[in-house]
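**Student:** Per this note's numbering, residue 373 is the first one in the sequence shown, and the count goes up by one each step.
Even glycine gets a Cβ: it sits at the ideal position worked out from N, Cα and C.
Predicted, not measured: the structure shown is a model, and the values here were computed from it.
Sharing a structure here in structure tokens format.
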Amino acid sequence: MAACPSKFSHGPPSRRPPRSIRPIPRSTVQRKLMPSPASFAVATIFATMVAGHGIMSVPKAEFDPTVMRTTYVATIQANFPGKFNDSPDKNVAAFNKAFRDQQATGFKTLRAMLDPQGPDCGYSKLDVPAKPIPSDGNVVWQNPDSGEGFVPSHTIWLDNTRVFQNDDCATNFAEKPAAHLPVDFASCIGSCTIRFYWIALHQDLWQVYSTSSLQLCRSTNANDAME
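Take a look at the structure:
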């Protein structure tokens, strides 16, 4: 079998004198290596979008330690009529209008829309000790890592009962670093699971977040504020 010639074999070596090599100016190298202001801004925005959201801290949710606890569980390409790549405020308004318009024939609640997305309960854990119902009746949402504020449209359920809904949390619950959300826990008899859903509308690729906090247990003390 004949040997295959090398791809880079071109006969005898050239006798031409070697070319001089001119050094590249340092300023040129720096321009090539330094990120542009635009690319830096995009990277900063992306990092904020990924890690800038929060968690339910009261009742305290517990998370899979191998996953960033503030990361989204799924994304949905915007599929409602409307423009969803505008400013955050306009995106929220467009989403709320489109959601109301489709309710008659489509999703009745935000939970119905988000439940099929990502793992059940997101990255939170249910195989943990039960937590007490908050004595002041407030669910607390916060980002203890960055102190960021709220994101739009969220809903809270106790088992199959919706106990909280707001279409623009960023405006209506602007507390930082923690927002206190009044919840009626009367439907929680004995024990129940609290589920917290929210959707981020920074762009036309919506980010889905879901947190289920454990089994809540109602105190048997007759003097308990929640009784």
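Are the CB atoms of residue 514 and residue 572 within a distance shorter than 9 Å?
**Tutor:** No.
**Student:** Using a threshold of 9 Å, state whether the C-beta atoms of residue 531 and residue 493 are closer than that.
**Tutor:** For residue 531 and residue 493, no; Cβs fall outside 9 Å.
**Student:** Beta-carbon within less than 6 Å of residue 533's beta-carbon, same chain only, minus the 5 sequence neighbours each way: which residues are those?
**Tutor:** So the qualifying residues of the chain are 559.
**Student:** Would you report the Cα separation of residue 470 and residue 428, rounded to the nearest angstrom?
**Tutor:** Those two C-alpha atoms are separated by around 27 Å.
**Student:** Verify whether the separation of the beta carbon atoms of residue 542 and residue 460 is less than 9 Å.
**Tutor:** A contact, by the Cβ cut-off of 9 Å.
**Student:** Considering only residues of the same chain and omitting the five flanking positions on each side of residue 496, which have a CB-CB separation below 6 Å?
**Tutor:** 433, 435, 583 and 584, listed in sequence order.
**Student:** What is the DSSP secondary structure of residue 438, reduced to helix, strand or coil?
**Tutor:** DSSP places residue 438 in coil when its eight states are reduced to three.
**Student:** Which residues in the same chain have their Cβ closer than 8 Å to the Cβ of residue 535, if we skip the five residues on either side of it in sequence?
**Tutor:** Excluding sequence neighbours, residue 535 sits near 528, 529, 555, 556, 557 and 559.
**Student:** DSSP three-state call for residue 544: helix, strand or coil?
**Tutor:** If DSSP states are grouped into helix, strand and coil, residue 544 belongs with the helices.
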